[in-house]
Amino acid sequence: MPHKDKYVDFHELAAYEREDINGKCDYRILVIDENRLKDIVVLAPHGGGIEPHTSDIAKKIAGDKYSLYLFEGTKKNCNFSTLHITSTNFNEPKCLEILKKAKTAIAIHGKGGAGEEIFVGGKDQELAQKVTDGLLQLGFNASKISKGRLSGTSDQNICNKTSTDKGVQLEIEKGLRNKLIVDSDLFDNFVLGVIKNL
């Protein structure tokens, strides 16, 4: 059964939760686009404690080259149950602003489960196929999906809010996310698989 979000969208969340103020907060937002390519934005809309390690993965993919957006849960607990906003309702203004300047986006999400699968979706079908192929070539268990709940193909999905109305979404199972964080060679290979055809 799909998780039911506590808040319908960011505006409702912001009315009850605290953004980072002097280190005391429920969530924080990070935008880095100065001196970076603005055509591609790498984002983690469920970063920090919401979907663990998605922020780390987004940062690593963006490196010093691509624009970066993170929405991070910083509560001691209950980040997912409180701060998760489904991708089709994610309307945080700074995120929308950075995306409308970009041609495409790569959104990093966490999927539950101990497996190591990566589900690649989004309306940018050509790039999604390139990312899938790049990951497969390096030995990762990646599948391109174009239908269903994890496909990221809705016009309302945050990854598709770019100037071209399309982007890519990676749903990464928890088992692989945990592995990437402790194995730097594997992490480097994963990033290469994602960016080699950008």
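Under our numbering, think of the first position of the sequence shown as 695, with each following residue one higher.
We treat Cβ as the ideally placed atom computed from N, Cα and C, and that holds for glycine.
According to DSSP, is residue i helix, strand or coil?
i, result
"N771", "coil"
"D859", "coil"
"G804", "strand"
"K753", "helix"
"F881", "helix"
Confirm, please, whether the CB-CB distance from residue j to residue i is below 8 Å.
i, j, result
"G815", "Q863", "yes"
"E711", "L777", "yes"
"H697", "N785", "no"
"N835", "E810", "yes"
"I839", "S848", "no"
"V888", "I755", "yes"
"N773", "I744", "yes"
"G804", "P746", "yes"
For residue i, tell me which candidate among the options has the shortest Cα-Cα distance.
i, options, result
"A801", "F774, G807, L790", "L790"
"I723", "E706, K860, G742", "G742"
"N729", "L832, K788, K759", "K759"
"C719", "A799, K794, I812, K770", "K770"
"F721", "G767, G842, V736", "According to the sequence displayed, residue 721 carries Tyr and not Phe. The candidate whose alpha carbon is nearest that of Y721 is G767."
"K732", "S857, E867, L870", "S857"
"I779", "N883, F881, D703, K890", "D703"
Taking the alpha helix (DSSP H) that residue i belongs to, which residues open and close that run?
i, result
"K873", "868 to 876"
"H705", "704 to 710"
"E791", "787 to 793"
"E820", "819 to 831"
Which same chain residues, not among the five before or five after residue i, have their C-beta less than 6 Å away from its C-beta?
i, result
"L707", "Y701"
"I726", "L762"
"G833", "none"
"N854", "K817, K860, G861"
Span of the beta strand (DSSP E) holding residue i?
i, result
"I726", "721 to 726"
"D733", "731 to 742"
"E811", "811 to 815"
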